[in-house]
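Taking it in order: structure first as structure tokens, then the write-up.
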Amino acid sequence: MRGSEFAELKAFAAVVECASFARAADRLGQSASALSQTIRQFEGRLGVRLLNRTTRSVAPTAAGARLYERVAPMIEEMDAAVAEAIAATGRTAGTLRINTLGMAAKKIIAPRLGRFHRTHPDVVLDIVIDDGLSDIVAGRFDAGIRVGERIEKDMIAVRLTPDVKMLALASPDYLARRGEPETPADLHRHACINWRFPGSGRIYRWEFEKNGKKLDMAVDGTLISNHQDVVIEGALQGLGILYAYDDDRVGEAIADGRLKRVLKDWSITHPGLYLYYSSRRHSQPALRAFIDCLLDRDEPAPMWQDKNAGA
Numbered sequence: 001m002r003g004s005e006f007a008e009l010k011a012f013a014a015v016v017e018c019a020s021f022a023r024a025a026d027r028l029g030q031s032a033s034a035l036s037q038t039i040r041q042f043e044g045r046l047g048v049r050l051l052n053r054t055t056r057s058v059a060p061t062a063a064g065a066r067l068y069e070r071v072a073p074m075i076e077e078m079d080a081a082v083a084e085a086i087a088a089t090g091r092t093a094g095t096l097r098i099n100t101l102g103m104a105a106k107k108i109i110a111p112r113l114g115r116f117h118r119t120h121p122d123v124v125l126d127i128v129i130d131d132g133l134s135d136i137v138a139g140r141f142d143a144g145i146r147v148g149e150r151i152e153k154d155m156i157a158v159r160l161t162p163d164v165k166m167l168a169l170a171s172p173d174y175l176a177r178r179g180e181p182e183t184p185a186d187l188h189r190h191a192c193i194n195w196r197f198p199g200s201g202r203i204y205r206w207e208f209e210k211n212g213k214k215l216d217m218a219v220d221g222t223l224i225s226n227h228q229d230v231v232i233e234g235a236l237q238g239l240g241i242l243y244a245y246d247d248d249r250v251g252e253a254i255a256d257g258r259l260k261r262v263l264k265d266w267s268i269t270h271p272g273l274y275l276y277y278s279s280r281r282h283s284q285p286a287l288r289a290f291i292d293c294l295l296d297r298d299e300p301a302p303m304w305q306d307k308n309a310g311a
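Structure (structure tokens):
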């Protein structure tokens with residue numbers, strides 16, 4: 001296979017996986033127009049149309065789908081072979097693509113970027129912020145970071161943080177006006193700030209537990225968002241009661257009296273953050289090094305599967 005043919009196949013696979021020339025071009029580090037030209041030349045050389053294009057979407061034709069099914073595993077194996085060849089030199093290098101929640105990027109990855117680069121200067125980190133639970137295998141990511149309960153069972157998962165508690169919160173001003181709920185049922189008489197899951201668009205049903213009794217419920221209010229900063233700001237400004245993960249900003253607002261907890265004995269705990277990757281992928285030295293950095297470990301440790309990742 002000529003080098004140009006392999007480049008065309010990788011370009012074609014990227015467009016299929018991203019369902020977009022623009023996103024595929026970003027992944028490959030080239031312009032969308034150059035990528036489009038590559039695909040046109042590839043189709044012309046083969047004499048078959050591989051992609052159906054509209055102004056809004058890109059999808060493989062029947063012939064394109066068959067070609068993708070055959071070449072995708074080959075491309076993955078070739079990428080793995082290159083990574084192994086680099087690893088054999090004792091050098092940690094290459095590009096590491098990580099799909100992560102925004103809060104994990106801010107809290108875990110960002111503070112360690114400088115240290116990772118100083119230790120592994122030949123590794124390029126490609127960090128994609130994605131709160132929509134994308135398929136990391138289809139997107140050809142080396143790993144993802146998610147809340148443990150949202151990781152598929154066939155993934156290898158490494159715990160990054162302890163479990164996190166959900167907190168029901170409101171501003172003192174709101175509680176002075178509307179009173180404090182004593183049970184979850186009282187929330188139906190309150191304004192509540194809702195969270196919409198990115199990707200699915202589903203609105204989170206508030207989950208509670210006390211003395212072994214579990215319940216979940218839909219609540220109403222004047223604010224819905226899929227961004228943590230927005231819903232926290234809404235609570236700070238007295239728009240209603242918020243049910244959110246305990247994070248640094250929430251903790252600071254509670255400590256300085258801008259937010260007050262309610263329904264303390266009903267709050268539940270969710271699994272913490274995990275880094276996960278497909279069990280079908282070869283483990284990479286760069287990924288091992290990245291995990292060690294996130295866990296603040298000086299010595300490399302073996303990759304393992306945490307069977308309780310989704311518990």
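Counting along the sequence shown from 1, when you hit position 84 you're at 84 in our numbering, and nothing is skipped either side.
Built from N, CA and C at the ideal position, the CB exists for glycine as well.
It should be emphasised that the depicted structure is a prediction, and the values quoted were computed from it without experimental measurement.
| query | result |
| --- | --- |
| Element boundaries [alpha helix (DSSP H), containing PHE290] | 285-294 |
| Neighbour-count burial assignment, GLU69, 16 or more Cβ in a 10 Å radius | exposed |
| Through-space distance from GLN228 to ARG297, alpha-carbon basis | 29 Å |
| Range covered by the alpha helix (DSSP H) that runs through TYR204 | Element bounds for TYR204: n/a, residue is neither H nor E. |
| LYS10 burial status per 10 Å Cβ neighbour count (16 or more: buried) | buried |
| Nearest-angstrom beta carbon gap, ASP131 and THR92 [assumed within contact, 8 Å] | Not really, about 29 Å apart at Cβ, beyond 8 Å. |
| Chain-order list of residues whose beta-carbon lies under 6 Å from that of CYS293 (same chain, five-residue window excluded) | ARG112, PHE116 |
| Residue burial classification, HIS188 (beta-carbon count within 10 angstroms, cutoff 16) | exposed |
| Segment contact, 8 Å Cβ cut-off, at least three pairs: the segment 137-150 with the segment 251-269 | no |
| Neighbour-count burial assignment, SER200, 16 or more Cβ in a 10 Å radius | exposed |
| Separation of TRP195 from SER57, as counted between CA atoms | 28 Å |
| Neighbour-count burial assignment, ARG146, 16 or more Cβ in a 10 Å radius | buried |
| Reference GLN41, options PHE12, SER31, ASN52, closest by Cα | PHE12 |
| LEU175 CB to nearest heavy atom of the ligand FMN below 7 Å | Here there are no bound small molecules, and the ligand FMN is not part of this structure. |
| Range covered by the beta strand (DSSP E) that runs through ASP216 | 213-217 |
| Span separating the alpha-carbon of GLY47 from that of THR54 | 20 Å |
| Boundaries (first-last residue) of the beta strand (DSSP E) holding GLY144 | 143-147 |
| Euclidean distance between Cα positions of LEU169 and ALA59 | 45 Å |
| Closest residue to GLU5 among ALA83, GLY148, GLU43 (Cα-Cα distance) | GLU43 |
| LEU242 - partner residues in DSSP beta bridges | LEU169, ILE193 |
| Min CB distance PHE21 to chain B below 8 Å | Judged by its chain identifiers, the structure shown contains no chain B, having just a single protein chain. |
| Rounded distance between the beta-carbons of GLY221 and CYS312, thought under 8 Å | Only positions 1 to 311 of the chain appear in this structure, which leaves residue 312 out of reach. |
| DSSP-derived helix/strand/coil call for ASP126 | strand |
| Distance between ILE127 and ILE108 (C-alpha atoms, nearest Å) | 12 Å |
| 8 Å Cβ cutoff met for ARG150 and GLY272 | no |
| Residue interval of the beta strand (DSSP E) (run including SER278) | 273-278 |
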